[in-house]
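Residue numbers (the working numbering): 921 to 1167.
Using N, Cα and C, we set each Cβ at its ideal position, and we do this for glycine too.
On a predicted model such as this, the values are computed, not experimentally measured, just so you know.
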Ligand SMILES: Nc1ncnc2c1ncn2[C@@H]1O[C@H](COP(=O)(O)OP(=O)(O)OP(=O)(O)O)[C@@H](O)[C@H]1O
Ligand SMILES: [Mg+2]
């Protein structure tokens, strides 16, 4: 069963320098429970697809020129604002590409995790919030929890920030998790730990994962399905070894 089907998606960005056709007529299906990976070089259009699924294209200054994004059979692009609110950040969540621009430098890490929960559960009691936070921090295997919880993001390592982002992405029990280059800027050892964490969460939480990476080795090691994007165009799904892109 497909949890997500993208059909003929095209995305443009317009600026004073002209129009960039970032995504060109892209279609793909993501099966429930799989890790579906979009691999490709920088600028290929990977994050633009993720933004469209998360309804962030307009905020990013882009425009969806055409296409449909069916989540459990319903077109996300045609949903009312209320319907989108019920899905975005709850059923579908995302680990963003750059922790430094996604985490607020002026708010302690723990408070940012709490806010992710409270925004979707405004009536939660203090004890419910505390319980959920404890459970989520355990799931992302953060060591030295008290210190990290009370730290501002600039005091945290890249791996710790990535675990905070992961906690924020899973705290509302999503069904579909988009991980956009979740290991950017991390050394090889930490990269593997974060990827293993996401793999473990997929199993323990029953997630479907859309992973985005420029690294074919990562795609090969962690995915059920791999598609390659190049200059906004997606190659049809193919076996891992026959992908033409190599890092
Ligand atoms: N907000 C924006 N405004 C203008 N152009 C944009 C914007 N975001 C992306 N683009 C352009 O759209 C194209 C696709 O960008 P996108 O970020 O989707 O690629 P990507 O595959 O995620 O790259 P990377 O691996 O570097 O993250 C690029 O040419 C990029 O310059
Ligand atoms: Mg990107």
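Per-residue burial, residue i [other beta carbons within 10 Å of its own, 16 or more giving buried]
i, result
"residue 1129", "buried"
"residue 1051", "exposed"
"residue 1151", "exposed"
"residue 1089", "buried"
"residue 1167", "Its pLDDT being 43, under 50, residue 1167 is placed unreliably in this model, and the value from its coordinates should be taken loosely. Classification of residue 1167: exposed, given that the 10 Å Cβ count is below 16."
"residue 1125", "exposed"
"residue 1016", "buried"
"residue 1008", "buried"
"residue 971", "buried"
"residue 1094", "buried"
Residue j beta carbon less than 8 angstroms from that of residue i
i, j, result
"residue 1061", "residue 1117", "yes"
"residue 1023", "residue 1084", "yes"
"residue 1133", "residue 957", "yes"
"residue 1012", "residue 984", "no"
"residue 1121", "residue 1127", "yes"
"residue 1042", "residue 1081", "no"
"residue 1066", "residue 967", "no"
"residue 1073", "residue 1029", "yes"
"residue 940", "residue 926", "no"
"residue 982", "residue 942", "yes"
The beta strand (DSSP E) enclosing residue i, as first and last residue numbers
i, result
"residue 988", "982 to 991"
"residue 1044", "From DSSP, residue 1044 is part of no beta strand (DSSP E); its letter is neither H nor E."
"residue 1148", "1145 to 1150"
"residue 933", "922 to 935"
"residue 1012", "1012 to 1015"
"residue 947", "938 to 951"
"residue 1060", "Per DSSP, residue 1060 belongs to no beta strand (DSSP E) and is neither H nor E."
"residue 1100", "1096 to 1100"
"residue 1088", "Careful: residue 1088 lies outside any beta strand (DSSP E), inside the alpha helix (DSSP H) at 1078 to 1090."
Pairwise C-alpha distance: residue j and residue i
i, j, result
"residue 1149", "residue 962", "10 angstroms"
"residue 1014", "residue 1143", "17 angstroms"
"residue 986", "residue 1059", "38 angstroms"
"residue 1164", "residue 931", "Low confidence applies to residue 1164: its pLDDT is 46, below 50, so where it sits in the model is not reliable, and the reading given next is rough at best. For residue 1164 and residue 931, the distance between alpha carbons rounds to 24 angstroms."
"residue 1075", "residue 921", "43 angstroms"
"residue 1137", "residue 1109", "14 angstroms"
"residue 955", "residue 969", "16 angstroms"
Extent of the continuous alpha helix (DSSP H) run through residue i
i, result
"residue 1031", "1029 to 1040"
"residue 1071", "No alpha helix (DSSP H) contains residue 1071, which DSSP labels as neither H nor E."
"residue 1131", "Unbroken run through residue 1131 is the beta strand (DSSP E), 1128 to 1133; no alpha helix (DSSP H)."
Test: residue i CB closer than 8 angstroms to a CB of chain D
i, result
"residue 1153", "Checking the listed chains, one finds no chain D in this structure; it contains a single protein chain."
8 angstroms contact criterion, which residue i and residue j should meet: CB distance rounded
i, j, result
"residue 1037", "residue 1049", "6 angstroms"
"residue 1146", "residue 948", "With a Cβ gap of about 11 angstroms, residue 1146 and residue 948 do not count as contacting."
"residue 944", "residue 1153", "5 angstroms"
"residue 989", "residue 1057", "That pair is no contact at about 32 angstroms."
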